[in-house]
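Chains as they are written, first to last, in this note's numbering: chain W, 395 to 559; chain R, 5 to 397.
Okay, structure first, notes after.
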């Protein structure tokens, strides 16, 4: 099923508001999905026999910059039987204070591999995934402060009294 | 913020009287680098495995926010440091496609790229095979593999000037053409290597002790493998013919003949450790086949000419249009992906994310290792073939 077909399939099932916008510039088009529906959309795309996206290639947490104050998650889906690929995005406006993180729905119940990817996104970009059963830091130490891949991150001077920069 | 207890807290918060937590690593030799496994054991039986990584985290993605595309290539080398050429190739292909110059690359350059990538693939698999032998307790195959890999290292050093971290494949071309006589020496190596491979099979693959240790151990069913995002020999070992060199048909792979080996469960069950090991051995044979075809073409219709310049197509400025792009390629370990976000104004990408195959392959370990013996855990971990440089990035 092609890109337009997938879009029509989703809007027919969940109403027109499920697709917030389409990004058609560049080589790979992407669907921006309503954040609250992402888990359902993923289940549908995985289980529908016409799409059958059984493989989650990649999940990326993105900070879209200090001016826009937007956070997003990008999903790269792949279908093994159809040899097709699809990009989904969810984007939310959110302030950058580190005690109130932007919250997105976890899709670790759809693909198990999302669990570690979400941990990485939480660790580095500070995005909280609601429903992830094991959301801990994965690459950085447990007591690390701040989220390095945020655009306003200032590199730490020291860690536990040891100079590191 | 965290309302409910994480699974980690649930697992380690309360232990039964007979249970014990054992730390394996980060200095344990069979964890293949600096990986720490927290084991909840009952005697010799592993009840749960909790991997802890990040000891080799070097902020690859943060560095990319301040480097130009060409400057990122040496950083990419250091992710899967056993297969630097393959990392470079995937990255460079992604940038070239974003620039729209991927169709203009001279064919000789493409063939050289595939040649060095396949050489590097053999090198990476030889390490996987050799160190797997050591994990199981066979020391000789390790030395034999390293002896043969050394020839590959020497050749790639001759071409690029560096032993492991090559920075040889550039956006739009190559660092240099192959040195004069490379093709002949490569042919010599292949002739030398083929009988050695046979010896290696006799020594390890068909070794009854080795089979007893690996066959039927750590069986990974195909649906679980797909669910956990496993790729490469992990996925093929479970019996799926899925090779991105064939699926995406990138570079000149459509013109080359090779087969995709899969695990068939010859010794035990399909998807066991022995199958994953065997897929790697068979892939080495296929890589040899690809190298022979590349060499033939490089020596005949794509022969070197004095005026050939591998840097001729190098773009002066690498500024891709504003877009998102995800590129994936078949690394020795599995699907290596890069996700680019570019703004169309500067030479520096807004974001580069690397989807490392080892990272995803490792995530299935807790599932595989539930209820096995500690000695089998070593066999399972070895069969996953992780490189910590890539897991931690």
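Note that CB positions come from ideal geometry on N, CA and C, so glycine has one too.
Just so you know, these numbers come straight off a predicted model, no measurement behind them.
- Cβ neighbours of residue 34 of chain R within its own chain (closer than 6 Å, five residues either side excluded): 139 and 382.
- It is roughly 7 Å from the alpha-carbon of residue 117 of chain R to the alpha-carbon of residue 93 of chain R.
- Chain R has a Cβ within less than 9 Å of the Cβ of residue 470 of chain W.
- Across the set W:456, W:434, W:530 and W:548, the C-alpha of W:434 shows the shortest separation from the C-alpha of residue 505 of chain W.
- Three or more beta-carbon pairs separated by less than 8 Å link the segment 445–455 of chain W to the segment 229–244 of chain R, which places the two stretches in contact.
- The CB of residue 530 of chain W comes closer than 8 Å to the CB of 10 and 12 in chain R, given here in chain order.
- Scanning its chain for C-beta atoms nearer than 7 Å, with the 5 sequence neighbours on each side dropped, one finds around residue 214 of chain R the residues 140, 142 and 208, in chain order.
- Note that the C-beta distance between residue 56 of chain R and residue 42 of chain R is below 9 Å.
- Each residue's CA atom was taken as its position, placing residue 462 of chain W and residue 410 of chain W some 25 Å apart.
- By DSSP's assignment, residue 159 of chain R forms no beta bridge with any residue.
- Across the set R:146, R:363 and R:111, the C-alpha of R:146 shows the shortest separation from the C-alpha of residue 205 of chain R.
- When only Cα atoms are considered, residue 222 of chain R and residue 159 of chain R end up about 36 Å apart.
- Along the segment 349–361 of chain R, going in chain order, the ones with a CB nearer than 7 Å to a CB of chain W are 355, 357 and 359.
- The beta carbons of residue 365 of chain R and residue 338 of chain R sit about 6 Å from each other, so the pair counts as a contact at 8 Å.
- Cα atoms of residue 352 of chain R and residue 375 of chain R: separation of roughly 48 Å, rounded to the nearest angstrom.
- DSSP places residue 452 of chain W inside the beta strand (DSSP E), whose first and last residues are 449–457.
- Proximity of residue 66 of chain R to chain W, defined by a Cβ-Cβ separation below 9 Å, is satisfied.
- Here residue 488 of chain W carries a coil assignment [DSSP, helix/strand/coil].
- The beta carbon of residue 36 of chain R sits no closer than 9 Å to any beta carbon of chain W.
- The beta carbons of residue 324 of chain R and residue 102 of chain R sit closer together than 9 Å.
- In this structure, DSSP gives residue 498 of chain W an extended state, which the three-state scheme calls strand.
- Taking 9 Å as the CB threshold, residue 414 of chain W stays off the interface with chain R.
- Cβ contact annotation for residue 559 of chain W (same chain, cutoff 6 Å, sequence separation greater than five): 549 and 551, in chain order.
- If only complete runs of 4 or more residues are kept, the segment 240–288 of chain R shows the alpha helix (DSSP H) at 248–251, in order along the chain.
- Judged by DSSP in its simplified three-state form, residue 426 of chain W adopts strand.
- A distance below 9 Å separates the beta carbons of residue 61 of chain R and residue 533 of chain W.
- Judged by beta-carbon spacing, residue 394 of chain R lies within the 9 Å limit of residue 363 of chain R, meaning their Cβ atoms are closer than that value.
- The Cβ atoms of residue 266 of chain R and residue 240 of chain R sit closer than 9 Å to each other.
- Looking only at R:254, R:123 and R:280, the smallest Cα-Cα distance to residue 194 of chain R is reached by R:123.
- Taking 9 Å as the cut-off between beta carbons, the residues of the segment 450–468 of chain W near chain R are 450, 451, 452, 453, 454, 455, 456, 457, 458, 459 and 468, in sequence order.
- With 16 or more other Cβ atoms inside 10 Å of its own Cβ, residue 510 of chain W counts as buried.
- Between the alpha carbons of residue 439 of chain W and residue 173 of chain R lies a distance of about 37 Å.
- Check the Cα spacing between residue 460 of chain W and each of R:391, R:354, R:40 and R:378: the tightest is with R:354.
- Of all residues in the segment 422–446 of chain W, those with a C-beta nearer than 8 Å to a C-beta of chain R are 422 and 424, reading in chain order.
- Residues of chain R with a Cβ closer than 8 Å to the Cβ of residue 419 of chain W are, in chain order, 325, 326 and 327.
- Around residue 538 of chain W, the same chain offers 531 as residues with beta carbons nearer than 7 Å, after the five sequence neighbours per side are excluded.
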